[in-house]
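Novice: Residues in the first sequence are numbered from 1 upward in steps of one, following the UniProt record's numbering. Pasting a structure here, questions to come.
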Amino acid sequence: MAVTGDETESAATGDIPAYQLRSPNSGLAQSFVMAASPGSMESPSSQHTEEVTRKREVRLMKNREAARECRRKKKEYVKCLENRVAVLENQNKTLIEELKALKDIYCHKAE
DNA sequence: AGTGGCGTACGTCATACGCA
DNA sequence: TGCGTATGACGTACGCCACT
């Protein structure tokens with residue numbers, strides 16, 4: 001493993017990774033915030049905009065967590081598969097040895 | 001010291017899927 | 001059928017290592 005837990009650290013320490021500053025669709029949420037935040041005049045449309053922004057942020061946060069959990073489960077699954085491979089390889093080796101031994105016995109009897 | 005390749009983790013988007 | 005969740009795909013950041 002080349003990674004030393006750096007990114008989780010930066011997340012935990014509250015450092016904002018660069019990719020959070022510039023979201024791919026050019027910061028939809030950010031531009032909404034910009035549009036909604038100046039002044040506290042709460043016109044119905046700006047209230048709606050804020051609601052939309054809030055919903056989007058909640059959705060992104062939930063999806064972020066889901067993605068993390070998903071990766072964790074995937075890693076666990078891969079580890080299980082690797083363990084299973086190791087077990088089956090051992091079994092295979094043992095069976096091959098056993099077969100060899102039985103063949104030997106059979107050959108000597110036949111002589 | 002600078003740099004390119006590689007591996008890993010992350011966030012986001014799109015979409016499939018299951019449930020009320 | 002609309003909604004929430006899970007997951008694949010993609011782009012990005014970052015650390016490490018070998019090479020120059």
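All residues carry an ideal CB built from backbone N, CA and C; glycine is no exception. Values in this document were obtained by computation on a predicted structure and should not be read as measured data.
1. Would T94 be called buried (16 or more neighbouring beta carbons within 10 Å of its own) or exposed?
2. Considering only residues of the UniProt domain "BZIP" (53-104), which uninterrupted alpha helix (DSSP H) runs meet the minimum length of 4 residues and lie entirely inside it, listed in chain order?
3. So what does DSSP say about E50, is it helix, strand or coil?
4. From K79 to S46, what does the alpha carbon distance come to, in whole angstroms?
5. CA-CA distance, Y77 and H48?
Specialist: According to the structure data:
1. By one-based count along the first sequence, residue 94 stands at place 94. The residue is exposed, with fewer than 16 neighbouring Cβ atoms inside 10 Å.
2. none
3. Reading the first sequence from its first residue, position 50 is the one you call residue 50. Of the three classes helix, strand and coil, the one that applies to E50 here is helix, per DSSP.
4. By 1-based counting over the first sequence, the position of residue 79 is 79. By 1-based counting over the first sequence, the position of residue 46 is 46. Rounded to whole angstroms, K79 to S46 spans 49 Å at the Cα level.
5. Along the first sequence, read from residue 1 onward, the residue named residue 77 stands at position 77. Along the first sequence, read from residue 1 onward, the residue named residue 48 stands at position 48. Looking at the two C-alpha atoms, the distance is approximately 43 Å.
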